[in-house]
Structures are given as C-alpha cells and as structure tokens.
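Q: This is the structure I have questions about; it appears just below.
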Amino acid sequence: MKFESIIGQERPIRFLTQMLQKRSIPHAMLFTGIDGVGKQTTANALGMALNCLSPVGVSACGECHSCHKVISGAHPDMITIKPEGAFIKIDQVRALSRQLRFAPLEGNWRVVIINDAQAMNLEASNAILKILEEPPKGTVTILTASQTTDLLPTIVSRCQQIAFRPIPYEKVTEVLVELQGLDKQTATTLAVSTKGSLGKALSVDEEKWTIWRTGLVEQIASLSIKSIQPVFAFADALARDKDRLADALEMIMTWVRDVLMCKVSPERIINKDFMTKIEYASQGPSVNELLEKVGAVHAAQTAISQNSNPRLALEVMMMRIFR
Ligand SMILES: [Zn+2]
C-alpha cells in the first residue's frame, strides 16, 4: 500500500506526493475513475503516509507500528465507509459525525475514506456536506466515485478532485503475465476487455473466462444474415446473461474492430488467436460496412448504459451487424 506499489497512476501519485512535500493537505478530496484502477488503494496509501512514524521521503515506511495497523485495517484514525447493501445510509454518516467530534486517537491525521460515494442517498449526502463545510481539525476526507456527475455538485465543489484514468492495456497485460502467469495473448485480450481496470482483470477466473470468450467469438463468427433465427437467438441469450452483458458487448466490439483492422492495419488486431476467423470475416464487407458495424455495437453499448431495453437494443445491433 505504498505509493510506489500503485500501478499506472503516475499523475495522481505525483500530485499527492507533491502535496505531502508541501505539507498542504486539502481537507477533502474526490478520487474519480472506473472501478479497479487504484482509487481505494491510493486513499489507503495516503492515510498510511500521513500517519507513518518514520516515512521514507513522503511515502509510508510500511514497517512501523502505525503502518502495520493501517495494513491490518486496525488503525483507529483510518475510518472507511462503504455501501451497506446498495446504499450508504444516514445512520453510517451519523456514526461518523459522532466520531469526528473527538480529536484523532493515535495519529497526526484522521483519514475518512468514503468508498463509492455515489451510493450515498440524499440524506447521507447532505450529512456529508455538513462535515465538508465545517471540516474537523486534523481530518482528511477522501471520497471515491466513478464520476463527478454521480454526486451532488455542492459536494464536488468542496473537494479537490483527482482523476484516476483507466490503466494502459500494456501495463495491465504486464501485471497479468507477471502476477498471474498468463500467456501474453490471453493477458492482452483480458486487459483489453476489462478496459483498463486492473482490479477487474485480476479478479477474473482465467479458465472460465477463456471458455466464455471462445464460445462467444465462435458464435459471432458463425452467424450470418442468411438465417436470421440464430442471430435473434444469440441476441436473446446475451440479453438474458445480464451480469456479463457489458463484457460480452465489449468482446463483440473488439471482434468487429479486429475484422476492420484486418483490412486496414492487421498488426493492431487484438484477438490474434482467432486470426483465421478474423481473416475470413473480413473478406466480404467493405471498410465502410465494417465501420457501420463498429457504430452498431457502440450504439447498443450506449443505449444499454442508458437503461434501454437490452433485448431490443441487441436485436437492432445484430441486424445492423449482419445485414
Ligand atoms: Zn510507517
């Protein structure tokens, strides 16, 4: 949990270490970015650095009594709040407010981390706003969320915002090869399909994922407009598998993109293990037709993320892909 061990977030880490060097610590920060890019780990690393008894430069030593407590989750001045069920509730924030009336117990700083702050209901949000408006001495509050638009503008405006970008695919690939022992091809496709979320890539069961991915690619490659029933059946099956729908669409996106790349820039193909199928699929359609297919998948992704009926969105996408 030291700054040095956070992968692919050089900009936020540089900002935070400079802030520590200047000893000018904002009382409230908002870390934004998709899940699995290191927001919570960085918040913990910051708390650890602020309270470390023998810091190395501005980074935590990882060895002292205070660091050990942070690592084991037992530091009394590191308070983490996360959704209980779907929401962060008012009772959780009330309990926090009571704790904040007292000075930090052990450390120099009390660090409050509110994970998935977008899960705060309106009541909880307003209670947090009160804390941000009158920040207790020696307390740093760090909120994490996917994007600022998920929060009350009044909360956002009180926080120093730090954006965490998706981690570059090459970096995720490297970690998957080194830590999980995956071969480069599997690691690359997994990195691309998890869109720069290292946390997500690391949590995937690689064997199950490979079987799922192979099945998906083989189905897309075998479909054709000549028999429309299997095309609709495929759309229906995708729509039913709600938990994996976003991943499936991303996989289909890399597939149609690869078929397009095969015509214009084959060295950029991602699913190289399906080269024969990609080459075959790229023979018929023109570049413009393939661009239209990419547009069709993108439109379905957008529609579904905006809560359209998945089945209808997928049927339209399939018709546009296979016409
Ligand atoms: Zn330490």
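Going by this note's numbering, the first residue of the sequence shown is number 10, and it counts up by one from there.
Each residue gets a CB set at the ideal place from its N, CA and C atoms; glycine is no exception.
This structure is a prediction, so every number in the text was calculated from the model and none was measured.
1. Which value, in whole angstroms, describes the spacing of the CA atoms of Met270 and Val181?
2. Give me the Cα-Cα distance between Leu114 and Ala104, rounded to the nearest whole angstrom.
3. Please determine whether the Cβ atom of Leu62 lies at a distance below 7 Å from any heavy atom of ligand 1.
4. Go through its chain and collect everything with a Cβ distance to Val67's Cβ below 7 Å, but skip five positions before and after it.
5. Between the Cα of Asn60 and the Cα atoms of Asp44, His77, Asp256, Glu183, which residue gives the shortest distance?
6. Can you list, in chain order, the residues of its chain whose CB lies under 8 Å from that of Asn318, leaving out five sequence neighbours each side?
7. Taking buried to mean at least 16 other C-beta atoms within 10 Å of its own C-beta, is Asn53 buried or exposed?
8. Which residue marks the beginning of the beta strand (DSSP E) containing Val149, and which one marks its end?
9. Is the CB-CB distance between Ile137 and Ile164 below 8 Å?
10. Determine the burial state of Ile220: buried for a count of at least 16 other Cβ atoms within 10 Å of its Cβ, exposed for fewer.
11. Is the beta carbon of Leu185 closer than 8 Å to that of Ala210?
12. Would you say Gly71 touches ligand 1, meaning its beta carbon is less than 7 Å from a heavy atom?
13. For Ile43, which of helix, strand or coil comes out of DSSP?
14. Figure out for me which residue from Ala37, Leu232, Arg20 has the closest Cα to the Cα of Ser166.
15. Below 8 Å, how does it come out for the region 132 to 150 and the region 14 to 24: are there three or more Cβ pairs, yes or no?
16. So, Met262 versus Val325, is the Cβ gap smaller than 8 Å?
17. Please confirm whether Arg174 and Gly42 have their CB atoms less than 8 Å apart.
18. Identify which residue in Lys193, Glu132, Met328 has its Cα closest to the Cα of Glu298.
19. If you draw a straight line from the alpha carbon of Leu232 to that of Leu199, how long is it in whole angstroms?
20. Could you check the C-alpha separation between Glu216 and Leu225 for me, to the nearest Å?
21. Can you list, in chain order, the residues of its chain whose CB lies under 8 Å from that of Ile90, leaving out five sequence neighbours each side?
22. For a test of the three-state rule: what should DSSP assign to Phe111, helix, strand or coil?
23. Short of 7 Å in beta carbon distance, which residues of its chain neighbour Val201, apart from the five on each side in sequence? Order them along the chain.
24. Is Met10 helix, strand or coil when you go by DSSP?
25. Roughly how many angstroms separate the alpha carbons of Leu131 and Asp159, rounded to a whole number?
26. Could you tell me which residues DSSP puts in a beta bridge with Phe241?
27. Any heavy atom of ligand 1 within a distance shorter than 7 Å of the CB on Ser75?
28. Just reading off the beta strand (DSSP E) that Met87 is part of, what are its end residues?
29. Does the beta-carbon of Ser14 have 16 or more other beta-carbons within 10 angstroms, so that it is buried, or is it exposed?
30. If we call anything under 8 Å between Cβ atoms a contact, is Arg119 one with Ile88?
A: On the basis of the supplied data:
1. What you label residue 270 is simply residue 261 of the sequence shown in a count that begins at 1. What you label residue 181 is simply residue 172 of the sequence shown in a count that begins at 1. Roughly 22 Å separates the two Cα atoms.
2. If you number the sequence shown from 1, residue 114 lands on position 105. If you number the sequence shown from 1, residue 104 lands on position 95. The alpha-carbon atoms of Leu114 and Ala104 are separated by roughly 16 Å.
3. Along the sequence shown, read from residue 1 onward, the residue named residue 62 stands at position 53. Yes, the beta carbon of Leu62 sits closer than 7 Å to at least one heavy atom of ligand 1.
4. Residue mapping note: residue 67 aligns to position 58 of the sequence shown, counting from 1. So the list reads Thr26, Leu29, Gln30, Ala58, once near-sequence residues are dropped.
5. Residue numbering aside, residue 60 sits at position 51 when the sequence shown is read from its first letter. Ranking Asp44, His77, Asp256, Glu183 by Cα distance to Asn60 puts His77 first.
6. Reading the sequence shown from its first residue, position 309 is the one you call residue 318. Answer for Asn318: no residue qualifies.
7. Taking the first residue of the sequence shown as 1, we reach residue 53 at position 44. It is buried - the Cβ of Asn53 has at least 16 other Cβ atoms within 10 Å.
8. The count along the sequence shown starts at 1 and reaches residue 149 at position 140. Its beta strand (DSSP E) spans residues 148 to 154.
9. Taking the sequence shown and counting its residues from 1, one reaches residue 137 at position 128. Taking the sequence shown and counting its residues from 1, one reaches residue 164 at position 155. Yes, the pair counts as a contact, with Cβ atoms nearer than the cut-off.
10. What you label residue 220 is simply residue 211 of the sequence shown in a count that begins at 1. It is exposed - the Cβ of Ile220 has fewer than 16 other Cβ atoms within 10 Å.
11. Position 201 of the sequence shown, counting from 1, holds the residue named residue 210. Position 176 of the sequence shown, counting from 1, holds the residue named residue 185. Closer than 8 Å, so yes.
12. The residue labelled residue 71 in the question sits at position 62 within the sequence shown. Yes, Cβ of Gly71 sits closer than 7 Å to a heavy atom of ligand 1.
13. Within the sequence shown, numbered from 1, the residue matching residue 43 stands at position 34. Ile43 falls in the coil class under three-state DSSP.
14. Position 157 of the sequence shown, counted from the start, is the residue given in the question as residue 166. Per the Cα distances, Ala37.
15. no
16. For the purposes of this step, residue 262 is taken as the residue at position 253 of the sequence shown. For the purposes of this step, residue 325 is taken as the residue at position 316 of the sequence shown. Not closer than 8 Å, so no.
17. Within the sequence shown, residue 174 is the residue found at index 165, counting from 1. Within the sequence shown, residue 42 is the residue found at index 33, counting from 1. Closer than 8 Å, so yes.
18. Working through the sequence shown from its first residue, we reach residue 298 at position 289. Checking every option, the nearest Cα to that of Glu298 belongs to Met328.
19. Along the sequence shown, read from residue 1 onward, the residue named residue 232 stands at position 223. Along the sequence shown, read from residue 1 onward, the residue named residue 199 stands at position 190. About 24 Å.
20. Stepping through the sequence shown from its first residue, residue 216 is reached at position 207. Stepping through the sequence shown from its first residue, residue 225 is reached at position 216. So the two alpha carbons sit approximately 14 Å from each other.
21. Locating residue 90 in the sequence shown gives position 81, where the first residue counts as 1. Cβ within range, chain order: Ile97, Gln101, Val102, Leu105, Val121, Ile122, Ile123, Asn124.
22. Translated into positions along the sequence shown, residue 111 becomes position 102. If DSSP states are grouped into helix, strand and coil, Phe111 belongs with coil.
23. Translated into positions along the sequence shown, residue 201 becomes position 192. Hits under 7 Å: Tyr178, Thr263, Ile279.
24. For the purposes of this step, residue 10 is taken as the residue at position 1 of the sequence shown. Coil at Met10, not helix or strand.
25. Within the sequence shown, the letter at position 122 stands for residue 131. Within the sequence shown, the letter at position 150 stands for residue 159. In a straight line, the C-alpha of Leu131 is about 12 Å away from that of Asp159.
26. Translated into positions along the sequence shown, residue 241 becomes position 232. BP columns for Phe241 are empty, so no partner.
27. Along the sequence shown, read from residue 1 onward, the residue named residue 75 stands at position 66. Ser75: yes, Cβ under 7 Å from ligand 1.
28. Taking the sequence shown and counting its residues from 1, the one referred to as residue 87 is at position 78. Segment 87 to 90, the beta strand (DSSP E) holding Met87.
29. For the purposes of this step, residue 14 is taken as residue 5 along the sequence shown, with counting starting at 1. Ser14 should be labelled exposed.
30. Stepping through the sequence shown from its first residue, residue 119 is reached at position 110. Stepping through the sequence shown from its first residue, residue 88 is reached at position 79. In this structure, the beta-carbon distance from Arg119 to Ile88 falls below 8 Å.
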